[in-house]
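Structure first, commentary second.
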Amino acid sequence: MTTTAGLDPHRLTRDVLPRHYRLVLEPDIAAASFTGTASIEIELTDRVDRIVLNAIELDVTSAFFSRPTSAGGPKSPGRDLSIELDATTERLILTPDAPLEPGPAVLDLTFAGTLNDKLKGFYRSTFTDDDGAEHTIATTQFQSTDARRAFPCWDEPAFKATFGISLVVDPAHLAVSNTSEMGRDTRADGRVAVHFADTIPMSTYLVAFVVGPLEATEPVDVDGVPLRVVHRPGQGHLTGFAIDVAAKALGYFTEYYGLAYPGDKVDLIAIPDFAFGAMENLGCVTFREVLLLADPAATTQPELQRVADVINHELAHMWFGDLVTMRWWNGIWLNEAFATFMETKATDNFAPEWQRWVDFGLSRSMAFDVDALEATRPIEYHVESPADAEGMFDVLTYEKGASVVRMLEQYLGEAPFRDGIAHYLQLHQLDNTETHDLWDALEATTGEPVRDLMEGWIFQGGFPVVSYEQDGDRLTLRQQQFRYDDSAPTSGHWLIPIRARVGDRIEKGLLDDTLTLPASDAILPSLNADSAGFYRVRHPAETLTTLQPADLGALPVLERYTLIDDAWALTLAGSLPVGGLLALTHAFRTETDESVWQRITGALATLHHLWPSATRPDFEAEVRTLLQPTLDRVGWQAGAEESDRDRQLRATLLTAAGITANHATIQDQARTVLADGTDDPAVNNAAVHIVASVGTAEEFADYWSHYQDAGTPQEERRYLAALARFPGRTELLEFTRRCLTDDIRSQDGPYSLAQSLGSRDHGAEVWAFVTEHWTEINERFPSNSIARMLSGIRSLTTPDLAESVGRFLTDHPVPQGAKIVAQHRERQLINVALAARLAEEQPLPRNDTTN
């Protein structure tokens, strides 16, 4: 007999297995409450003295156990169970008057709860219509462990079951869930019970339901699957782009995976208040409005690309995550890394002209930046508690995981890799898996030792830097772990799949201790062809600092991007002097690619923030000199034949010139653009941020009005982000104060505070505000956003302030994001060290002429 003695406080035993949930939920939106019943078909695999499942913040009023007399037949006489709720372990403990024998049974529960304001579980979200009236919807967010806030359940990924859901709602409200509506009936009180079809077997975190005064587009048939966008009234004109992306994605994924879409419909739902970017609930995918609704004519290419990426990411999950699911949260990377990889493939398929794989380098850089820290972690590591699971949703799970998957695909070949993925999904559909199941499927179809190759990339943190020595026509490659702080001990070692470009061919090999390859006659050996490998390459500083534009002409754009990205990392680590980096940037002065310029201008913006004030005008002049030739070429006006990326290149350069280079002429022209208007959203976006960086109190008030009255979610986000750039102390502190009011949604406030901490002149006062309001911040904002808010501490780089930040965070831990906070803190100290080196190196001669 199984008892509860010595139970793991975070993992349920498998002596009782749920098979099917019949849920009836009755939300009372006006009262911010709900009631419900759950009739759960279960299988007892052992004799038990208790039934233990998950519940938190629920009032469970009855629990009844019975046995079916036959398959589908009536229940036998049952018994009431005593009810105990353990809030610490988030468990509902149901005890019978005598032990329960193995076999099928039915558990009937009644319960009630609160529609909370925490943006998790079953919660409320509000919006204001065009007439100023406020409306409320009831919606859900269950990942990772919050289904238990809406109904009692076995709230772990491995406890898959089918769900039959009914929602009792106001007849004027729209109700949606994971599956298609099968029927409805009207209750005596006038409310309507909406009944949905049973789902496929799935994990509780994928259950979803949304109720409220919403509208849905007419369904579009995609190979028999109805596709809709659900939105607040008055936003139907912003749905067309999402429908186009999703329709193409469903076809693409069906072909790629070799399996039909596993649900019976797709609803994409725009939620006004949403803690995450989006959530892959099967058939009922929820989004932040800014990541679903868009007017292409008023939206920049990166903004549209972001919408496409997120839609594609969530739809990729319908197979990889929903149909096949990780067994426990340590394997969440199996879901998220692969969906991030597939979003890039699907977006590239949707709009090849966006060159999505080139832009992928930017997200890979974010993963490199964290993984170079001592506080990094393996992609997969031990997860015990819900707080541990919450901390897994970071750049290492998403961006590093996707980068490693991309590296593997490029090494195995795209077709063999896809065959392996299709085999994996076919083999494990409707089931749960571990990481080794994926490697085994790929080994079975490719014959390659995938498990041996990938173990080091998944189960140890960090990444290698590859160095080389040339002896005649041969190159000898070696590896070591890359760290920003080279005084930290390193022991990482990887089996590195090298793809080197030698002339017009690709040489492949596995670098263990050493690897010998043929040398080319290029000035720079191309040791990471197409930048597919998750490793950096260390070139001699004397080579980097003497490069000329002609030397880069033969390099593909991804490799040009990686060259400057690797050099910036070496600068942060102190291996390449800042002066050497600046010399290298001049080799890119004729560069034409937008992603490469984003990497260059991003590094220059960081240096500008850290540069000593006495010589900052000289640095700004240096940046103007670098940018001017390309600025002269692109100007302010788009040409008739320009691509979207060309338009974004203009915006990137103008923003850098107006902010980092402090170019007065550009700033004046930006004000003119805002005054006169422009039909180019990229130029508008650049002008908004440039003017904010030098904005007045009057302009701050104008921006606030634009934010409140924005016509699209992207315009709202644009002005909200720009408000954190204002240089005036009064304006910035007022903006900071508003982050803790209903003027700014709680989903956005943490990120606005993070941006405000980036103020060079007033970041210390913003930090003081954060510390003074720490309790309120933790109560108001979604728990998963607190660690992300603290990314702003990276900009607080005076030594005394950095030390004070460290003391505060030691005394005020963030358990749901402890590893992420440690990474922010270490990255802050890297910036402190870089600022000190800038003061010592004085990379530019003092020049009093700032022209």
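Take 7 as the starting number for the sequence shown in my numbering and just add one per residue.
Every residue gets a Cβ at the ideal spot worked out from N, C-alpha and C, and that includes glycine.
- Membership of residue 460 in the alpha helix (DSSP H) is indicated by the continuous run 456–465.
- Rounded to the nearest angstrom, the gap between the Cα atoms of residue 563 and residue 599 is 7 Å.
- With fewer than 16 other CB atoms across the displayed protein chains lying within 10 angstroms of its CB, residue 784 is exposed.
- Closest by C-alpha distance to residue 494, out of 210, 378 and 196, is 378.
- In this structure, the CA atom of residue 202 is about 13 Å from the CA atom of residue 273.
- Here residue 228 is not near residue 264, since their CB atoms are 8 Å or more apart.
- For residue 385, the secondary structure class from DSSP, reduced to helix, strand or coil, is coil.
- When C-beta atoms of the region 654–662 are compared with those of the region 691–698, three or more pairs fall below 8 Å, so the two segments count as touching.
- Under the three-state reduction of DSSP output, residue 156 falls in the coil class, being neither helix nor strand.
- In this structure, residue 217 keeps its C-beta atom at 8 Å or more from the C-beta atom of residue 281.
- Taking all protein chains in view, the Cβ of residue 712 is crowded by 16 or more other Cβ atoms within 10 Å, so the residue is classified as buried.
- Rounded to whole angstroms, the gap between the alpha carbons of residue 275 and residue 702 is 38 Å.
- In the displayed model, residue 401 falls within coil according to three-state DSSP, outside both helix and strand.
- Its chain contains 40 as the residues whose beta carbon lies nearer than 7 Å to that of residue 34, once the 5 sequence neighbours on both sides are disregarded; these appear in chain order.
- If you draw a straight line from the Cα of residue 176 to the Cα of residue 197, it comes to about 5 Å.
- Judged by their CB atoms, residue 363 and residue 311 are not nearer to each other than the 8 Å cut-off.
- Below 8 Å, too few C-beta pairs join the region 510–518 and the region 380–388 to call them touching: fewer than three.
- In this structure, residue 790 keeps its C-beta atom at 8 Å or more from the C-beta atom of residue 829.
- If you ignore the 5 residues before and after residue 812, its C-beta comes within less than 7 Å of the C-beta of 831, all in its own chain and listed in chain order.
- If you draw a straight line from the Cα of residue 670 to the Cα of residue 603, it comes to about 21 Å.
- Measuring C-alpha to C-alpha distances from residue 636 to each of 595, 158 and 406 identifies 595 as the nearest.
- Between residue 729 and residue 710, the C-beta gap is smaller than 8 Å, which places the two residues in contact.
- In this structure, the alpha-carbon of residue 516 lies about 11 Å from that of residue 506.
- With distances taken between CA atoms, residue 706 lies nearest to 725 out of 725, 150 and 357.
- In the DSSP assignment, residue 68 falls within the unbroken beta strand (DSSP E) covering 64–72.
- Here the region 204–224 lies against the region 286–302, with 3 or more beta-carbon pairs under 8 Å apart.
- Bridge partners of residue 122 according to DSSP: 129.
- Counting along the chain, no beta strand (DSSP E) covers residue 634; the unbroken alpha helix (DSSP H) around it starts and ends at 622–640.
- Taken through DSSP and simplified to helix, strand or coil, residue 60 comes out as strand.
- Per DSSP, residue 277 is one residue of the beta strand (DSSP E) stretching across 272–277.
- Where residue 504 is concerned, there is no enclosing alpha helix (DSSP H), although the beta strand (DSSP E) around it starts and stops at 502–508.
- Annotation for residue 390: 16 place their beta carbon closer than 6 Å to its own, counting only its chain and skipping 5 residues before and after.
- The way I'd put it, the region 17–30 does touch the region 50–60; three or more beta-carbon pairs between them come closer than 8 Å.
- Within the same chain, Cβ atoms closer than 7 Å to the Cβ of residue 428 are found at 263 and 264, the five residues on either side in sequence being excluded.
- In the three-state reduction of the DSSP assignment, residue 598 falls in the coil class, being assigned neither a helical nor a strand state.
- Closest by C-alpha distance to residue 357, out of 572, 846, 738 and 649, is 649.
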